[in-house]
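Worksheet: one structure, shown below.
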Amino acid sequence: MEVAATKANAAKTRRSLRFLAASSILLSMLLQYMGSSGHEHRLLRIKEAFEDLAMSLPSPATDLGFIGNSSDHDALIFHNPRRFSNNIQLNVDRGLNIINCWSGQTISTWIYAGEEQIGGKFLTWNAMPKDKWVYGKDDAIHKIGANDTIFVSYIKMPEFTHNFLPHIEQEFVLITEGWHVLYPDWIHSISSNIVEHPKLLHWFGNNIGNYTGGQERHPKVSPFPLGLKPNMPGARIGTYRAPIQTYREIFMETLQQPPNKTTGVFVGFLRHTNDRRKAIPSSGQNLDYHSYLRSIAQSDYVLSPDGDHPDCHRHYESLGLGAMPITELDPFLFRHLNEGPVIFSNANWNVTDLEAKLPARPRVNRNLVFEEYWMEYVERVVGRPLRWWDVVQENASLLEDFAVHASTSET
């Protein structure tokens, strides 16, 4: 009887969360379309009340101390075609465009290069087509079109906010990444200027709890994936610093010949990138990248605690190879991974206990490792088609016009 009651309460909680989420979405749409009308402030306060109530409800949790997937993406009203989200073969045909830390600059219509000179490791877009680069006021006025996507590196955020953002006259989506900048304090001084811009449709960023200046619960702010580590300049292919080609090889290997799932929970070598990791078991064996990926593919689950940042490369390495990550992630701040799915808010790292209680052979959407999946995710959240950069045709276009086949794979 107690088990039945617990299940009934959990189901009721999930229904309540879905209702509140849907109500919040509807209010977001009203805010978007009413613009600067006199009711905007009142509607925003009501929306925040819905969100506060939703966050106060108990989340469905197991006796292992982790929270399951119980909430949906930010938007459900706009039903864009799931052309890439559920079609591995289509993503393979397009060249296996793996989501990584530099994907934001790859997929966006524009890259903000700005007019101030930078160099070294911060100039991550130097190999991107110059046709995508925008610089100053004239570009903001004349190049940015309706529903364009703009990528801005965190090293360029202050310059973008002061010199470029005020001159944008068309509705746009902002994608930012702060992979190489650790938790900048200055973001608090400019974040309100970003979310209050009248033409901003939405702001997507990595690890939004640390990189959006306190705006992580704003209705126009949503998480964007960290992805794999990008191919670092000068790094040897097949290493952790140049992983993408190797990842593609192992992905195709496991797609053509699904591996035997011989491990319940894969631990692997865990670097002590934060103090909490010291209390989490590690296999102690630092595998080469090929062996590491094959071990993940042969596992049902993968221990994937927070690293330098809460979102980390291992989440995506695991999902793409058919294993479910066990994470410490907050289910709201990292809701973009709901469809993986992942295990959120885990507090139990006892592998024996986990293997005894977790169901075998969990279903995982391997498409989350592709850039095209995340373009569709962004459109679902924003609620409209957007313009992107098609790496196959090397031009800006709508997703529906993307090429189906790649003549060569991008690296």
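Under the working numbering, the first residue of the sequence shown is numbered 1, with each subsequent residue one higher. Think of the CB as a built atom: it goes at the ideal place given N, C-alpha and C, for glycine as much as any other residue.
Between residue i and residue j, what straight-line distance do the alpha-carbon atoms span, to the nearest angstrom?
i, j, result
"residue 313", "residue 243", "11 Å"
"residue 375", "residue 351", "35 Å"
"residue 170", "residue 138", "13 Å"
"residue 85", "residue 136", "35 Å"
"residue 358", "residue 146", "47 Å"
"residue 404", "residue 90", "7 Å"
"residue 28", "residue 385", "Low per-residue confidence applies at residue 28: pLDDT is 42, beneath 50, and the placement is therefore not dependable, though the value from the model is reported in the following sentence. So the alpha carbons of these two residues sit roughly 17 Å apart."
"residue 399", "residue 148", "12 Å"
"residue 221", "residue 215", "7 Å"
"residue 337", "residue 316", "9 Å"
"residue 228", "residue 142", "34 Å"
"residue 176", "residue 92", "26 Å"
"residue 209", "residue 250", "32 Å"
"residue 282", "residue 302", "12 Å"
"residue 372", "residue 279", "37 Å"
"residue 14", "residue 81", "Residue placement at residue 14 is poorly supported in this model, since its pLDDT is 44, which falls under 50; the coordinates still yield a value, given next. Spanning the two alpha carbons is a distance of roughly 26 Å."
"residue 257", "residue 165", "49 Å"
"residue 34", "residue 157", "Note that residue 34 scores 42 on pLDDT, short of 50, meaning its location in the model is unreliable; the coordinates nonetheless yield the value given after this. Straight-line Cα distance between these residues: approximately 28 Å."
"residue 168", "residue 134", "12 Å"
"residue 362", "residue 356", "14 Å"
"residue 155", "residue 307", "21 Å"
"residue 187", "residue 152", "13 Å"
"residue 83", "residue 97", "15 Å"
"residue 269", "residue 401", "42 Å"
"residue 248", "residue 339", "21 Å"
"residue 396", "residue 122", "24 Å"
"residue 253", "residue 287", "18 Å"
"residue 305", "residue 331", "14 Å"
Taking the alpha carbon of residue i as the reference point, which residue from the options has its own alpha carbon closest?
i, options, result
"residue 354", "332, 290, 267", "267"
"residue 341", "324, 350, 331, 103", "324"
"residue 140", "128, 109, 121, 120", "109"
"residue 219", "349, 196, 210", "196"
"residue 311", "131, 295, 334, 142", "334"
"residue 260", "363, 226, 300, 241", "300"
"residue 105", "127, 184, 121", "127"
"residue 172", "185, 155, 198", "198"
"residue 217", "225, 207, 226", "207"
"residue 309", "396, 393, 123, 226", "226"
"residue 95", "245, 304, 396, 307", "245"
"residue 113", "406, 184, 130", "130"
"residue 241", "230, 270, 154", "230"
"residue 413", "224, 122, 184", "This structure cannot settle anything about residue 413, because the visible part of the chain is limited to 1 through 411."
"residue 360", "305, 185, 265, 247", "265"
So, with DSSP's three-state summary, where would you put residue i?
i, result
"residue 141", "helix"
"residue 356", "helix"
"residue 290", "helix"
"residue 128", "coil"
"residue 317", "helix"
"residue 37", "Summary for residue 37: the model assigns pLDDT 42, below 50, so the residue's position carries little reliability; its value from the coordinates is reported in the next sentence. It is coil, neither helix nor strand."
"residue 402", "coil"
"residue 118", "coil"
"residue 241", "coil"
"residue 413", "Because residue 413 is not part of the residues shown, which for the chain are 1 to 411, the question remains open."
"residue 224", "coil"
"residue 349", "coil"
"residue 304", "coil"
"residue 390", "strand"
"residue 100", "strand"
"residue 344", "strand"
"residue 266", "strand"
"residue 311", "coil"
"residue 212", "coil"
"residue 65", "Its pLDDT being 48, under 50, residue 65 is placed unreliably in this model, and the value from its coordinates should be taken loosely. Coil."
"residue 204", "strand"
"residue 330", "coil"
"residue 154", "helix"
"residue 176", "strand"
"residue 231", "coil"
"residue 112", "strand"
Using 8 Å as the threshold, is the C-beta distance between residue i and residue j below it?
i, j, result
"residue 329", "residue 345", "yes"
"residue 174", "residue 150", "yes"
"residue 289", "residue 212", "no"
"residue 263", "residue 298", "yes"
"residue 321", "residue 343", "no"
"residue 125", "residue 111", "yes"
"residue 319", "residue 391", "no"
"residue 388", "residue 132", "no"
"residue 293", "residue 88", "no"
The stretch 375-393 / the stretch 192-212 touching (three or more Cβ pairs under 8 Å): yes
Three CB pairs or more closer than 8 Å across the stretch 113-122 and the stretch 90-103: No, the stretch 113-122 is not in contact with the stretch 90-103.
Segment contact, 8 Å Cβ cut-off, at least three pairs: the stretch 189-199 with the stretch 158-172: Contact between the stretch 189-199 and the stretch 158-172 is present, because at least three Cβ pairs lie under 8 Å.
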